[in-house]
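Numbering (my numbering), first residue to last: 18 to 356. Where is the CB? At the ideal position from N, CA and C, for every residue including glycine. Treat the numbers as computed from the prediction; the structure is a model and nothing was measured. Worksheet for the structure shown next.
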């Protein structure tokens with residue numbers, strides 16, 4: 018457990034639990050009894066009957082976020098075992114170091130700041146030098162969520178969101194899923210984890226109309242935390258002809274694999290590479306994967322599909338990845354690792 022000393026910060030937890038620890042669920046984040054039905058996506062063929070299964074997100078008293086599937090046949094023993102498996106989620110050392118860096122900065126008075134662009138509530142968390150090192154997005158500040166700070170409110174967690182096939186309050190989990198499916202950082206997705214963080218910077222609305230509370234109080238939030246990548250542009254501000262073919266291919270493979278429904282130029286970061294022999298070379302960094310893995314198929318948008326690099330055949334390495342990652346292996350990647 019990481020604990021800050023300043024009164025304005027209470028805690029910051031990453032998901033790095035131990036399988037042998039006791040299971041003490043504290044509160045349910047959201048529960049859904051079935052997938053989105055056809056009436057939400059306008060396609061009667063996609064309508065489903067209840068399956069008897071329930072997806073449950075819970076938060077333990079130590080701050081860890083768990084996700085698991087429950088069945089009507091489950092008993093107390095099987096539920097406990099599923100909780101234990103959900104707790105056994107390893108966290109990379111660099112992510113642990115990133116969290117420690119943020120905590121150290123907050124102890125010496127370097128607080129996070131809100132990000133004013135975009136539709137959701139998001140915050141830059143900094144290191145001791147005041148440099149942005151992470152972006153935190155609380156699940157209850159997503160577009161249309163109850164505590165959205167930018168006026169996009171009016172619905173509850175679990176209802177259809179910006180995309181009807183992605184529920185409000187679930188985009189943070191999908192951000193983590195996209196990172197987990199970027200095998201060996203193949204497409205260069207920044208490190209992403211779920212956290213529980215307590216701070217007075219977060220937004221809490223007063224009432225259903227989304228009026229902001231006048232007095233800021235400490236509040237605990239479940240959020241996605243993604244490593245901030247310094248960059249020079251996004252893809253809308255830079256000529257696409259200079260983008261590496263391999264980078265475009267890999268991002269395209271990722272988008273198809275995770276059924277990303279919203280790949281536009283603004284969520285592709287561009288970094289200029291320094292060094293001898295690298296003049297004019299750039300690196301692409303894909304971000305904002307909250308609208309991937311929809312519950313039903315709908316029309317996606319892929320910015321890269323119009324780029325000339327998309328017409329060049331895949332390399333042998335790229336083809337081998339397509340062969341290796343079967344749907345079963347993708348499903349296995351999630352078991353015990355993501356809600």
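| query | result |
| --- | --- |
| Enumerated in chain order, which unbroken segments of the alpha helix (DSSP H) with a length of 4 residues or greater are wholly contained in the region 271-352? | 333-341 and 344-351 |
| Are the beta-carbon atoms belonging to residue 157 and residue 149 less than 9 Å from one another? | no |
| Please report how far the alpha carbon of residue 261 lies from the alpha carbon of residue 121, in whole angstroms. | 37 Å |
| Do residue 193 and residue 311 count as a contact pair if the criterion is CB distance below 9 Å? | no |
| Can you check which of these residues, 143, 221 and 203, is closest to residue 115 by C-alpha distance? | 143 |
| According to DSSP, is residue 222 part of a helix, a strand, or is it coil? | strand |
| Assuming residue 143 is part of the beta strand (DSSP E), what are its boundary residues? | 140-143 |
| Based on the DSSP secondary-structure assignment, which residues constitute the bridge partners of residue 130? | 141 |
| Could you compute how far the alpha carbon of residue 327 sits from the alpha carbon of residue 94? | 50 Å |
| Do residue 174 and residue 211 come within 9 Å of each other at the CB atom, strictly closer than that value? | no |
| Any idea which residues DSSP pairs residue 244 with across the strands? | 151 |
| So residue 188 is in the alpha helix (DSSP H); what residue range does that whole segment cover? | 188-198 |
| Between the beta-carbon of residue 155 and the beta-carbon of residue 240, is there less than 9 Å? | yes |
| Under the rule that 16 or more other beta-carbon atoms within 10 Å means buried, what is residue 46, buried or exposed? | Residue placement at residue 46 is poorly supported in this model, since its pLDDT is 38, which falls under 50; the coordinates still yield a value, given next. The residue in question, residue 46, is buried, as its Cβ has 16 or more Cβ neighbours within 10 Å. |
| Just verifying my parser: in three-state terms, what is the DSSP assignment at residue 115? | helix |
| Whole-angstrom Cβ separation of residue 271 and residue 199, contact assumed at under 8 Å? | 6 Å |
| Tell me which residue opens and which closes the beta strand (DSSP E) that residue 213 is part of. | 209-216 |
| Quick check: the Cα distance between residue 250 and residue 91, rounded to an integer number of angstroms? | 50 Å |
| Quick one: grab the DSSP three-state call for residue 239. | strand |
| Measure the alpha-carbon distance for residue 316 versus residue 276 and round it to whole angstroms. | 10 Å |
| Report whether the distance from the Cβ of residue 233 to the nearest heavy atom of the ligand FMN is below 8 Å. | Summarising the ligand content, the structure contains no ligands, and the ligand FMN is consequently not present. |
| Which same chain residues, not among the five before or five after residue 130, have their C-beta less than 7 Å away from its C-beta? | 140 and 141 |
| Measuring only the C-alpha atoms, how far is residue 134 from residue 285? | 15 Å |
| Here's the rule: buried if 16 or more other CB atoms are within 10 angstroms of the residue's CB, otherwise exposed. What is residue 168? | exposed |
| Would residue 160 and residue 220 qualify as a contact pair, given that the criterion is a beta-carbon distance under 9 Å? | no |
| From this set, 287, 283, 332 and 313, which residue's C-alpha is nearest residue 319's C-alpha? | 283 |
| What residues in its chain sit with their C-beta under 8 Å from that of residue 218, if we drop five residues either side in the sequence? | 128, 129, 130, 131, 140 and 233 |
| Could you give the distance in angstroms between the alpha-carbon of residue 323 and the alpha-carbon of residue 303? | 17 Å |
| Suppose contacts are defined by Cβ-Cβ distances below 9 Å. Is residue 308 in contact with residue 252 by that definition? | no |
| Is the CB-CB distance between residue 152 and residue 296 below 9 Å? | no |
| Do you know whose CA, among 222, 278 and 299, lies nearest residue 257's CA? | 299 |
| Using three-state DSSP, classify residue 184 as helix, strand or coil. | strand |
| Tell me whether residue 371 sits in a helix, a strand or coil according to DSSP, three-state version. | Past the boundaries of the shown model lies residue 371; the chain is included only from 18 to 356, so the question cannot be answered. |
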